[in-house]
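Mapping to my numbering: the sequence shown position 78 is 58, numbers consecutive.
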Amino acid sequence: MKYWEDFNVGWTLEFGSYEVTEEEVIEFATAFDPQPFHIDKEAAKDHYFGGIIASGWHTGAMCMRMMVDGYIHDTASMGSPGIDQLRWKQPVRPGEILHVKAEVLDRSLPKSRPELGFVKFSHTVFNQDNEVKLTMISSGIFLRKPSHDRLEASK
């Protein structure tokens, strides 16, 4: 289990192998972003992107899935206060295989909640050719190590 103390500035991790399918792209977009270039193969052919692409929100959701599978599931995560920056750098297309690189940029402790800490991350989503598809800077809230562990670590 990783706690706030385990996320040092500069820590990096690469993870994920998420294959994007056309069916999933259309299903997600139909429910949440029903623009023609996300849901209609014929209309998408003549669009600026030249074919079906994943919604940027779908790309963010795929990134989140890989984050949970890649490291969050094994942490004392308490959620997130939000995203500071999100950029869709290139369209994600069916057939691409995505992976993520995470890096800790900063961490801090709130004065009012000594049992918690904040960690600021940079996440970059790449495809199988290492083309950057999404960049995001966001923060996570993590429990601190139980106080007896902190006392032992400081000895």
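C-beta atoms are modelled at their ideal positions from N, C-alpha and C, and glycine is treated no differently. Quick caveat: nothing in here was measured; it's all calculated off a predicted structure.
Next item on the list: Identify whether Arg45 lies in helix, strand or coil by the three-state DSSP scheme.
Entry: Within the sequence shown, numbered from 1, the residue matching residue 45 stands at position 65. Of the three classes helix, strand and coil, the one that applies to Arg45 here is helix, per DSSP.
Margin query: Residues in the same chain with beta-carbon distance under 6 Å from Pro61, minus the five sequence neighbours each way, listed in chain order, please.
Written below: For this step, residue 61 is matched to residue 81 along the sequence shown. The residues are Ser119.
Check: Would you report the Cα separation of Ser35 and Glu111, rounded to the nearest angstrom?
Finding: Reading the sequence shown from its first residue, position 55 is the one you call residue 35. Reading the sequence shown from its first residue, position 131 is the one you call residue 111. Approximately 17 Å, taken between the alpha carbons.
Margin query: What does DSSP give as the partner residue(s) for Trp68 in the beta ladder?
Written below: Working through the sequence shown from its first residue, we reach residue 68 at position 88. Answer by DSSP bridge pairing, in chain order: Leu114.
Check: So which of Lys25, Ile117, Gly50, Leu89 has the shortest CA-CA distance to Leu78?
Finding: In the sequence shown, residue 78 corresponds to position 98, counting from 1. Answer by Cα proximity: Gly50.
Next item on the list: May I ask which residues mark the beginning and end of the beta strand (DSSP E) holding Val99?
Entry: Mapped onto the sequence shown, residue 99 falls at position 119. From DSSP, the beta strand (DSSP E) with Val99 extends over 96 to 106.
Next item on the list: With distances taken Cα to Cα, identify the nearest neighbour of Trp(-16) among Ile19, Lys81, Ser57, Thr10.
Entry: Working through the sequence shown from its first residue, we reach residue -16 at position 4. It is Ser57 whose Cα lies nearest to the Cα of Trp(-16).
Notebook entry, point to check: CB-CB under 6 Å to Tyr(-2), same chain, minus the five flanking residues each way: which ones, in chain order?
Noted result: Within the sequence shown, residue -2 is the residue found at index 18, counting from 1. Around Tyr(-2): Met42, Met46, Leu78.
Item checked: Beta-bridge pairing of Ser57 - partner residues as DSSP gives them -> Locating residue 57 in the sequence shown gives position 77, counting from the first residue. Looking at the DSSP assignment, Ser57 forms a beta bridge with Phe122.
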